[in-house]
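Here is the structure we will look at.
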Amino acid sequence: MFELISTQDKARYGRLMVKRGVLETPLFMPVATAGAIKSLTQRDLEALGANIILANTYHLSLREVPQLIHQAGSLHQFIGWDKPILTDSGGFQIFSLNNLTKLSQEGASFRSHIDGQMLHFTPENVTAYQEQLGSDIHMVLDECLEDGVSKQRTKESVDLSLSWARRSRKARHNLELLQFGIVQGGMYPELRKQSALELTAMDFEGYGIGGLSVGESKDKMTDMIEIATEHLPQNKPRYLMGVGTPADIIRAVALGVDMFDCVMPTRNARNGSVFTSFGRLNIRNQEHKFSGEPLDSNCDCYTCRNHTRSYLRHLFLAKEMTAKTLLTIHNLHFYLKLMTDIRTAIQEQTFPSLASHILRVFNR
RNA sequence: GUGGUUAUGGUGAAGGGGUUAACACACCGGAUUGUGAUUCCGGCAUUCGAGGGUUCAAAUCCCUCUAACCACC
674 MFELISTQDK
684 ARYGRLMVKR
694 GVLETPLFMP
704 VATAGAIKSL
714 TQRDLEALGA
724 NIILANTYHL
734 SLREVPQLIH
744 QAGSLHQFIG
754 WDKPILTDSG
764 GFQIFSLNNL
774 TKLSQEGASF
784 RSHIDGQMLH
794 FTPENVTAYQ
804 EQLGSDIHMV
814 LDECLEDGVS
824 KQRTKESVDL
834 SLSWARRSRK
844 ARHNLELLQF
854 GIVQGGMYPE
864 LRKQSALELT
874 AMDFEGYGIG
884 GLSVGESKDK
894 MTDMIEIATE
904 HLPQNKPRYL
914 MGVGTPADII
924 RAVALGVDMF
934 DCVMPTRNAR
944 NGSVFTSFGR
954 LNIRNQEHKF
964 SGEPLDSNCD
974 CYTCRNHTRS
984 YLRHLFLAKE
994 MTAKTLLTIH
1004 NLHFYLKLMT
1014 DIRTAIQEQT
1024 FPSLASHILR
1034 VFNR
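Each residue of the first sequence is one higher than the one before, counting from 674 in the numbering used here.
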């Protein structure tokens, strides 16, 4: 269940009720692909105040993970996290592992990148598996296309994803868990509209907007988000999948998007790239060698309260794993704080000024 | 002291007369958008221990010196 509490223009502040809790939106989900935020413990995550994380069906289907989770009882019990989890369906892997996958009307066949084992994903078995995992929110299996695909090919793909969505909806049994459809349509407005309208008719508990941030321009991405949100129901949450930079998030919230996930804060942290209130910085840069300053003097995260740039740079260059942990804590704190600021701003009707400030600091 | 071996960037090293001195690591930048990310992409020796010579051409050949290592006195 989803309720809108306040709005400012198209931006929305709301509450999403899921099996394991109530979530305030707009929200950001840290990415725990294989059941952990890389470099963090669940204790770190809780200290950060994360309320929901994202895990991936594809990665949780490899090795003998399904049996391990079954033995533990549920994904939550297996990974030691009792707050909400959203699982992605593996649709993105059809896209990113496309040289290892075969698509048919029936579903997608993957060859595991780990041991070469053949995996068959269908709308039905992916839905069943996510229910078995106990995901508070599960996504339908879809096909995600890259930028630059012809309209004809995109149309076929949208139709395939829609038929998969319909089958996924039928395959759903556990009504405690929310199921989201995913709007596709590449960079074609009519196809985006068709996708949004047909999915709406299937009455999902929420809607993903997929197939964006695949190399297209910011303007195109904005246009596609706008078309999708225009044709999705007001009373359901919209989740922009895999996006993005702070600026992307601001722009999308302004268009009425409620949920986000992105590897950017975590992956960038592991590669030394840090988000701060005054823009991005790279901890490897020599200018930080002797700096006794925290990463961001306006930040009250664990890392900024306790460590200098000089120390963090030293750890990073020495390849100490703690460097990744500390930078990940900082970047996730930054993203979660951004979302808190956004929610507060919408409630106080000051979202435009927050938005223009963020867009000024992060101009991409 | 005598004989031998070696000397190439921050490091380990290729190259044994023909013209832009390989490669790796380190270092310095940059990228990163539903994670196949301890990833990817750039930059980094006008110069080969020092000095002299041979040659159209020398890091590469010759001589002297210096240094390090090994063996013998």
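Virtual Cβ for every residue (Gly too), placed ideally from N, Cα, C.
Everything numeric in this text was worked out from a predicted model, so none of it was measured.
Return the Cβ separation of residue i and residue j in integer angstroms, given the expectation that the two are a contact with Cβ distance under 8 angstroms.
i               : j              : result
leucine 776     : isoleucine 767 : 7 angstroms
methionine 702  : isoleucine 726 : 6 angstroms
glycine 902     : tyrosine 861   : Checking the sequence, you will find threonine at residue 902 rather than glycine. Wrong, their Cβ atoms sit about 16 angstroms apart, outside the cutoff.
histidine 980   : proline 967    : 7 angstroms
leucine 733     : glycine 753    : About 15 angstroms separates the two Cβ atoms, so there is no contact after all.
isoleucine 855  : methionine 812 : 6 angstroms
leucine 833     : glutamine 778  : 7 angstroms
asparagine 1035 : alanine 920    : Inspection of the sequence shows that residue 1035 is occupied by phenylalanine rather than by asparagine. 4 angstroms between Cβ atoms; contact.
Between which two residues does the beta strand (DSSP E) containing residue i stretch?
i                 : result
methionine 674    : Here methionine 674 belongs to no beta strand (DSSP E), and DSSP marks it neither H nor E.
glutamate 966     : Where glutamate 966 is concerned, there is no enclosing beta strand (DSSP E), given that its DSSP letter is neither H nor E.
phenylalanine 783 : 781 to 784
asparagine 955    : 952 to 955
threonine 949     : 946 to 949
lysine 775        : 774 to 776
aspartate 934     : 932 to 934
threonine 760     : 758 to 761
leucine 700       : 700 to 702
Does residue i pass the burial test, meaning 16 or more other C-beta atoms within 10 Å, or should it be called exposed?
i                 : result
aspartate 969     : buried
glutamate 1038    : No answer is possible for residue 1038: it lies beyond the span of the chain, which begins at 674 and ends at 1037.
serine 762        : buried
asparagine 729    : buried
leucine 1039      : Outside the modelled stretch of the chain, which goes from 674 to 1037, sits residue 1039, for which no answer is possible.
methionine 897    : buried
leucine 990       : exposed
valine 887        : buried
phenylalanine 963 : exposed
lysine 1010       : buried
glutamate 737     : exposed
asparagine 971    : exposed
arginine 1033     : exposed
lysine 909        : buried
In terms of DSSP beta bridges, what is residue i paired with?
i              : result
glutamine 852  : His811
glycine 694    : Val691
glycine 881    : Ile855, Tyr912
methionine 860 : Answer is none; methionine 860 lacks a bridge partner.
Can you give me the start and stop residues for the alpha helix (DSSP H) that residue i sits inside?
i               : result
arginine 986    : 982 to 990
asparagine 1004 : 994 to 1020
threonine 795   : Counting along the chain, threonine 795 falls outside any alpha helix (DSSP H), and DSSP gives it neither H nor E.
asparagine 620  : Given that the chain is displayed from residue 674 to residue 1037, the structure contains no residue 620 and the question cannot be resolved.
leucine 1032    : 1024 to 1034
leucine 833     : 824 to 844
threonine 671   : Any question about residue 671 goes unanswered here, given that the chain covers just 674 to 1037.
On a CA-only basis, which of the options is nearest residue i? Give me that one, please.
i              : options                            : result
threonine 1001 : Ile810, Cys935, Leu1027, Arg736    : Cys935
tyrosine 984   : Val822, Gln959, Arg736, Leu713     : Gln959
glycine 915    : Arg924, Met932, His1030, Leu848    : Met932
tyrosine 1008  : Leu954, Glu966, Gly965, Gly917     : Gly917
asparagine 955 : His961, Lys962, Ser946             : Ser946
alanine 745    : Thr976, Ser841, Gly807, Ala925     : Gly807
glycine 858    : Leu851, Ile900, Gln852, Phe877     : Ile900
glutamate 863  : Tyr686, Ile710, His904, Val691     : His904
isoleucine 787 : Ile922, Arg840, Tyr731, Thr1017    : Tyr731
proline 699    : Ile1031, His1030, Ser1026, Gln1020 : Gln1020
glycine 694    : Gly884, Pro1025, Asp755, Leu848    : Asp755
histidine 961  : Asp973, Arg784, Arg982, Ser950     : Arg982
Can you find a heavy atom of the ligand SAM that lies under 6 angstroms from the Cβ of residue i?
i            : result
arginine 839 : The model on display carries no ligand, and the ligand SAM is accordingly not part of it.
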